[in-house]
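Under our numbering, the first residue of the sequence shown is numbered 306, with each subsequent residue one higher.
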Amino acid sequence: MSLRLGDLAPDFTAVTTAGEINFYEYLGSGWGVLFSHPADYTPVCTTELGKTALLQDEFAKRNVKVLALSVDPIDKHLGWVKDINETQQVTVGFPIIADADKSIANAYGMIHPNASETFTVRSLFIIGPDKKVKLMITYPASTGRNFYEVLRVIDSLQLTANYSVATPADWKDGEDVIVVPAVSTEAAIEKFPKGVKVVKPYLRYTPQPNK
Ligand code: BEZ
């Protein structure tokens, strides 16, 4: 059975470019992003890991630890990191897991046999402080992911966790957010002193609470 939203993210201990890491210990009480790519020394993957490295401070600001994964061995990862740093003008500061026995890839359903029997697809999981899966996305090998979108989802998830609000379609940081259906309009007016705009009884907006 594959992982679903709300499931406990499987724990593991892995060989990584930053030494042996236990996933839960590495995450501590913060958030996590675990993402797989098909293979080292490939062009799209090089840009993806470069972009993630460029956004390291953005992830850290949100208390998010990042881990990349492929089934390539550790010596290959270590060589490729030099290329990523050189070509993308970054310093990769997050661990890359060498999942040579595919145990983590299998636990997370990162291998889709009808796409490739041997390589992981572009899976990405956001893990909450409760170690539960909050988001899963899967992209094909030929399409690099949008890591600004990953940050946007993290912002939305953290707003929901901290303020019981949701975010509308195409929401961007700083825009109005949505009062969740579980909160009555009366309670929302108390809870959100910046105001509540009631468009319909079920469609209520409030300014982003943490701005
Ligand atoms: C890439 O990262 O460029 C890539 C990897 C596997 C298949 C196609 C592209």
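Ideal Cβ placement from N, Cα and C applies to all residues, glycine included.
Being a predicted model, the structure only gives us computed values, none of them experimental.
Simplified DSSP assignment, three categories, for LYS370: Reduced to three states, the DSSP call for LYS370 is strand.
Range covered by the beta strand (DSSP E) that runs through GLU325: DSSP places GLU325 in the uninterrupted beta strand (DSSP E) bounded by 324-327.
Which of helix, strand or coil DSSP assigns to PHE452: If DSSP states are grouped into helix, strand and coil, PHE452 belongs with the helices.
Whole-angstrom distance between MET415 and ALA403, CA atom to CA atom: About 14 Å.
Contact the stretch 348-364 vs the stretch 386-403: 3+ CB pairs below 8 Å: Counting Cβ pairs under 8 Å, three or more are found: they touch.
Close-in-space but distant-in-sequence residues of the same chain around GLU422 (CB under 8 Å, 5 per side omitted): Here the set comprises ILE416.
Residue burial classification, SER375 (beta-carbon count within 10 angstroms, cutoff 16): It counts as buried.
8 Å CB neighbourhood of LYS499 in its chain, flanking five on each side removed: Annotation for LYS499: THR511, PRO512, PRO514 place their beta carbon closer than 8 Å to its own, counting only its chain and skipping 5 residues before and after.
Check your reading: residues with Cβ closer than 6 Å to the ligand BEZ heavy atoms: A distance filter of 6 Å between CB atoms and the heavy atoms of the ligand BEZ selects the following residues in sequence order: PRO343, ALA344, THR347, PRO348, VAL349, CYS350, ALA446, SER447.
Given ASP345 as reference, the closest of GLY355, VAL338, GLY337, TRP336 once Cα atoms are compared: Measuring from the Cα of ASP345, the nearest candidate turns out to be GLY355.
Limits of the unbroken alpha helix (DSSP H) element including ALA412: Judged by DSSP secondary structure, ALA412 falls within the alpha helix (DSSP H) whose first and last residues are 408-412.
SER341 - DSSP class collapsed to helix/strand/coil: Reduced to three states, the DSSP call for SER341 is strand.
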